[in-house]
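First comes the structure, then the notes that go with it.
In our numbering, the protein residues as written are 9 to 550.
Following this line, the structure appears as structure tokens:
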């Protein structure tokens, strides 16, 4: 048996184009980029492109695109030659593209993450050089690549439909962009739901919820596309810009929050899971406030846009911080050595950044501060709307009503959080529940704070119809909010007493957290520093 030796001359004959310096530089750049690509992205992309699900979906899209191109064109004959026929053809191609992007990709991302959780692969990945963010972004990147492939298949077909006249390019780009954003948001939701679930039963429930969500979204996107293609979209350029800002920004900040929670749940319990989530909540709050300001300030001549944007933003922030705060105050109180190494060391850092560190004590200070700040912004914002928005005149009684609501809502929320914090502390003396149990605890506090005083007043009134009595119903937030506009029943003294209770709870929470501002950071051991250095080197090599 003989061997053939290739000399340098034969190498030059095989790859003569690489002798050019620019091509050699480009080849080295491609090698470096390939080495730095997320390995999870590479693995997931290979598995996805080789799977039966992708092969079947890809083939069906091709068949549907070809079939609708031929069948749709023939069904429009002979009017297709002299009448605008783009809306009907574009709607068909849009539906062909929407089904895999909204139905298939999010569910596939959920199943991919779920299989990793069930097989125990996450435990192996958690002790490797890969970070939780690389795992989460690798799953998301693989889903995005599949979306781009599906979009590339239908792009020539949509270009053909556009040449048939009847739709504007801006409308086509808007439909494709909205579909991509919706599919991206659903994919992030699928990854989040798969990460949150710890048991098989909960994963099944999350899968059913995701399937219901994607089917509802597919129906909504299809109906919206039909309305826009056949009836148009009559709105101003400013409103379109505002819709684009809120849509794109909303998808980005919601995705950041959900992915941050998913990455935090993949971390070991000994690491800091809370700080990144609190920062993501602040980012989302800042975006919602900016959208509310833009919607109110730029549309003062129109009553609908300012009020819709402001009311929807206020309700969203109220629900968001109520749910998030209930889980933050239900966190575990144990701070590991790994977390203490990351604590701020300077006095200014301890004073300002301690409230972002894990723990229910710092969390209660964090959420109460944010809630009071949002309450003040709410009151100032509605006062500005009353003075500057044309066509809105609420009068003095309405202004007083705004002030009462701005005090009652945060006061009841803070009182409920303080009680939940105390009850969770008692429960953690013998059990170790997950932070999500804080939602149930806050719900229990809210129910019994309304049910107990109402039942007692009803009992002492011999079960006859009762009216609001502040002596009994101060803690009944439902009854109090129902009659908040009645100054005869819900007097100023009632408002002040409820607010005083919330302020007292806030002061107690801040006083209990005073010890957290003391120096608590510990030095990192030498062996840990060496391990971190080796881990960083392995990550660069990988």
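Yeah, the Cβ is synthetic: ideal placement off N, Cα and C, and Gly gets one too.
Once DSSP output is grouped into helix, strand and coil, what is the label at residue i?
| i | result |
| --- | --- |
| residue 37 | helix |
| residue 452 | helix |
| residue 25 | Caution applies to residue 25, whose pLDDT of 48 falls short of 50 and renders its modelled position unreliable; the value that the coordinates give is listed next. Note: residue 25 maps to helix in three-state DSSP. |
| residue 253 | helix |
| residue 100 | helix |
| residue 6 | Since the displayed the chain opens at 9 and closes at 550, residue 6 lies outside it and no answer follows. |
| residue 260 | helix |
| residue 170 | helix |
| residue 280 | coil |
| residue 291 | helix |
| residue 443 | coil |
| residue 14 | Bear in mind that a pLDDT of 44 at residue 14, under 50, signals an unreliable position, so the number given afterwards is only what the model happens to contain. If DSSP states are grouped into helix, strand and coil, residue 14 belongs with coil. |
| residue 286 | helix |
| residue 2 | One cannot answer for residue 2 here, as it falls past the ends of the chain, which runs 9 to 550. |
Short check: CB of residue i to CB of residue j, under 9 Å?
| i | j | result |
| --- | --- | --- |
| residue 426 | residue 332 | no |
| residue 86 | residue 174 | no |
| residue 306 | residue 246 | yes |
| residue 336 | residue 286 | yes |
| residue 321 | residue 288 | no |
| residue 115 | residue 198 | yes |
| residue 99 | residue 324 | no |
| residue 253 | residue 302 | yes |
| residue 181 | residue 102 | no |
| residue 259 | residue 154 | no |
| residue 365 | residue 280 | yes |
| residue 416 | residue 480 | no |
| residue 225 | residue 190 | yes |
Does any residue of chain C bring its CB to less than 9 Å from the CB of residue i?
| i | result |
| --- | --- |
| residue 300 | Absent from the structure: chain C. Only one protein chain is present. |
Is residue i buried or exposed, if buried means 16 or more other CB atoms sit within 10 Å of its CB?
| i | result |
| --- | --- |
| residue 33 | exposed |
| residue 89 | exposed |
| residue 143 | buried |
| residue 494 | exposed |
| residue 177 | exposed |
| residue 368 | buried |
| residue 467 | exposed |
| residue 342 | exposed |
| residue 372 | buried |
| residue 388 | exposed |
| residue 23 | Because residue 23 sits at a pLDDT of 46, beneath the cut-off of 50, its placement in the model cannot be relied upon, and the point is left open. |
| residue 499 | exposed |
| residue 211 | buried |
| residue 440 | exposed |
| residue 171 | exposed |
| residue 330 | buried |
| residue 459 | exposed |
| residue 56 | buried |
| residue 506 | buried |
How far does the alpha helix (DSSP H) with residue i in it reach, from first residue to last?
| i | result |
| --- | --- |
| residue 394 | 368 to 396 |
| residue 501 | 500 to 520 |
| residue 139 | From DSSP, residue 139 is part of no alpha helix (DSSP H); its letter is neither H nor E. |
| residue 47 | 47 to 57 |
| residue 236 | 208 to 239 |
| residue 64 | 60 to 83 |
| residue 485 | 485 to 490 |
Does the beta carbon of residue i fall short of 8 Å from some heavy atom of the ligand HEM?
| i | result |
| --- | --- |
| residue 523 | Within the structure as shown, the ligand HEM is missing, as the structure has no ligands at all. |
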